[in-house]
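Residue numbers (the working numbering): 493 to 828.
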Amino acid sequence: MLVLGIETSCDETGAAVVEDGRKIRSNVLLSQVEQHAKFGGVVPELAARSHLEGILHVTGAALREAGVSLKEIGLVAATCGPGLIGGLLVGLSFAKALALGSSKPFCGVNHLEAHIYANFLAHPDLAPPLLCLTVSGGHTDLVYMEDHGKYRILGRTRDDAAGEAFDKVARVLGLGYPGGPYLEKAARQGKPGSPLIRTDSLAGTYDFSFSGLKTAVINRVHRYRQKNQELPVADLAATFQQQVVTILLERTFRAVDELGIKTVLLSGGVAANGELRKGFAREAAAREVRFFCPPLELCTDNAAMVAAAGYFHFQKSGPSPLDLPAFPRLSWKLQE
Ligand code: KG4
Ligand code: ZN
Numbered sequence: 493m494l495v496l497g498i499e500t501s502c503d504e505t506g507a508a509v510v511e512d513g514r515k516i517r518s519n520v521l522l523s524q525v526e527q528h529a530k531f532g533g534v535v536p537e538l539a540a541r542s543h544l545e546g547i548l549h550v551t552g553a554a555l556r557e558a559g560v561s562l563k564e565i566g567l568v569a570a571t572c573g574p575g576l577i578g579g580l581l582v583g584l585s586f587a588k589a590l591a592l593g594s595s596k597p598f599c600g601v602n603h604l605e606a607h608i609y610a611n612f613l614a615h616p617d618l619a620p621p622l623l624c625l626t627v628s629g630g631h632t633d634l635v636y637m638e639d640h641g642k643y644r645i646l647g648r649t650r651d652d653a654a655g656e657a658f659d660k661v662a663r664v665l666g667l668g669y670p671g672g673p674y675l676e677k678a679a680r681q682g683k684p685g686s687p688l689i690r691t692d693s694l695a696g697t698y699d700f701s702f703s704g705l706k707t708a709v710i711n712r713v714h715r716y717r718q719k720n721q722e723l724p725v726a727d728l729a730a731t732f733q734q735q736v737v738t739i740l741l742e743r744t745f746r747a748v749d750e751l752g753i754k755t756v757l758l759s760g761g762v763a764a765n766g767e768l769r770k771g772f773a774r775e776a777a778a779r780e781v782r783f784f785c786p787p788l789e790l791c792t793d794n795a796a797m798v799a800a801a802g803y804f805h806f807q808k809s810g811p812s813p814l815d816l817p818a819f820p821r822l823s824w825k826l827q828e
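Printed below as a string of structure tokens:
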């Protein structure tokens with residue numbers, strides 16, 4: 493079955509055609525990054541307007557690149573949450589209209605599930621049960637996936653998401669936007685120093701907290717500025733990155749040990765981070781656990797992962813109703 497996936501939850505307008513939930517036939521992305529960069533973050537209203545302008549062209553390009561017509565599409569899937577409401581409404585309304593007008597089934601997709609399914613596109617024999625750490629701009633969730641559509645949240649962030657912390661620290665250090673990739677690049681030139689925070693207030697739980705780390709960086713920056721000293725940007729970036737990676741590894745691999753997990757995944761934009769990927773590969777190898785992460789271009793938001801998640805959702809639960817709402821704060825449960 494060919495699935496047309498639509499993604500508009502944040503600042504990327506995406507459309508993709510995926511075959512049987514595993515094989516990418518096309519994956520088109522129109523990024524709004526430059527538009528938002530001058531504001532240092534995504535401006536929701538601008539994002540929604542840009543999705544509206546771009547969605548038709550992006551979808552046309554996805555069908556053309558896949559070499560298929562709308563007639564050959566078996567399912568239209570679109571992100572219904574979580575995300576920015578304006579963008580979600582654009583993608584969802586567009587997908588519903590397309591499905592209705594062409595008499596195809598429609599399926600609403602949870603963006604967080606879609607990030608996990610990015611792994612299924614890259615690794616054809618991957619199957620649940622598995623443990624996945626989803627680290628994006630909005631989420632840091634440690635999730636046990638028992639089966640398709642069946643999730644148990646073990647832990648999540650109590651404050652900032654990992655990606656959000658990367659972005660905020662990058663801004664304080666005067667690096668580019670979005671901060672994650674720029675901070676990683678800066679960190680490569682630096683040396684990690686002593687930890688920014690010595691005590692782990694959530695030790696023993698599977699929850700995360702990053703706001704203390706972020707504040708510690710801000711305080712150090714202020715101290716350097718007050719003393720008129722040059723900011724050791726690369727070293728601060730390396731120190732921050734190392735501590736975030738250490739926390740993410742500690743929680744995930746303690747869960748692997750305690751629950752006897754055999755397959756562990758990374759997903760979400762921060763999964764593009766080289767140090768995090770290396771750390772996961774090392775810890776998984778030490779335990780002879782299978783480890784998968786998406787290729788870099790499938791870590792950050794894209795529509796192929798939405799199409800893949802839509803396929804598996806449809807196989808299990810059938811189509812979504814055409815009056816399905818958008819869910820800006822959707823967690824791991826969908827419409828049931
Ligand atoms: O999954 P995603 O594209 O969007 C959301 O659903 O939020 O994640 C975007 C986040 C941003 O915070 C970005 O800075 C972060 O992923 N990110 C990275 C890297 N590449 C993207 N963080 C750390 N290192 C990277 N290489
Ligand atoms: Zn995302």
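Glycine included, each C-beta is placed from N, C-alpha and C at the ideal position.
Here the structure is a predicted model, which is why all the values come from computation and not from measurement.
Residue i: CB within 8 Å of a non-hydrogen atom of the ligand KG4
| i | result |
| --- | --- |
| residue 783 | no |
| residue 762 | yes |
| residue 792 | yes |
| residue 654 | yes |
| residue 633 | no |
| residue 504 | yes |
| residue 466 | This structure leaves residue 466 out entirely; the chain is present only between 493 and 828. |
| residue 667 | no |
| residue 765 | yes |
| residue 528 | no |
| residue 543 | no |
| residue 672 | yes |
Spatial neighbours of residue i in its chain, beta-carbon cut-off 6 Å, leaving aside the 5 residues before and after
| i | result |
| --- | --- |
| residue 660 | 706 |
| residue 513 | 800, 803, 804 |
| residue 522 | 505, 546, 550 |
| residue 606 | 797, 798, 801 |
| residue 594 | 562 |
| residue 808 | 640, 641 |
Exposed unless 16 or more other CB atoms sit within 10 angstroms - verdict on residue i
| i | result |
| --- | --- |
| residue 691 | exposed |
| residue 524 | buried |
| residue 617 | exposed |
| residue 647 | buried |
| residue 814 | exposed |
| residue 622 | buried |
| residue 580 | buried |
| residue 827 | Only weak support exists for where residue 827 lies, its pLDDT of 40 falling under 50; the value from the coordinates is given anyway. The residue in question, residue 827, is exposed, as its Cβ has fewer than 16 Cβ neighbours within 10 Å. |
| residue 714 | exposed |
| residue 537 | exposed |
| residue 810 | exposed |
| residue 503 | buried |
C-beta atoms of residue i and residue j nearer than 9 Å
| i | j | result |
| --- | --- | --- |
| residue 598 | residue 558 | no |
| residue 554 | residue 610 | no |
| residue 774 | residue 754 | no |
| residue 688 | residue 735 | yes |
| residue 679 | residue 726 | yes |
| residue 772 | residue 758 | yes |
| residue 628 | residue 655 | yes |
| residue 760 | residue 615 | no |
| residue 624 | residue 634 | yes |
| residue 731 | residue 686 | yes |
| residue 495 | residue 565 | yes |
| residue 795 | residue 520 | yes |
Beta-carbon proximity list for residue i, same chain, < 7 Å, skipping 5 on both sides
| i | result |
| --- | --- |
| residue 535 | 528 |
| residue 603 | 501, 571, 573, 574, 575 |
| residue 762 | 627, 628, 654, 655, 658, 672, 768 |
| residue 638 | 620, 621, 644 |
| residue 818 | 572, 573, 577, 580, 581, 584 |
| residue 766 | 676 |
| residue 518 | 508, 509, 554, 557, 558 |
Residues near residue i by beta carbon distance below 8 Å, same chain, minus five either side
| i | result |
| --- | --- |
| residue 650 | 694, 699, 700, 701 |
| residue 669 | 525, 528, 529, 532, 533, 659, 662, 663 |
| residue 820 | 573, 574, 575, 576, 577, 580 |
| residue 723 | 665, 666, 713, 716, 717 |
Minimum Cβ-Cβ distance from residue i to chain B less than 9 Å
| i | result |
| --- | --- |
| residue 812 | Although the question refers to chain B, the structure presented lacks it and comprises just one protein chain. |
Contact test: residue i Cβ vs the ligand ZN heavy atom, cutoff 8 Å
| i | result |
| --- | --- |
| residue 802 | no |
| residue 628 | yes |
| residue 823 | no |
| residue 501 | yes |
| residue 603 | yes |
| residue 607 | yes |
Practice problem: Taking only runs that begin and end inside the segment 706-789, name each unbroken alpha helix (DSSP H) of 4 or more residues, in chain order. | Solution: 725-751, 766-779
Practice problem: Please go through the segment 508-545 and give each complete alpha helix (DSSP H) segment of 4 or more residues, from N-terminal end onward. | Solution: 525-529
Quiz prompt | In chain order, each alpha helix (DSSP H) run of at least 4 residues that lies wholly inside the segment 607-688 | solution = 654-664, 671-680
Self-check item: Those runs of the beta strand (DSSP E) which lie wholly inside the segment 539-608 and span at least 3 residues
Solution: 567-573, 598-602
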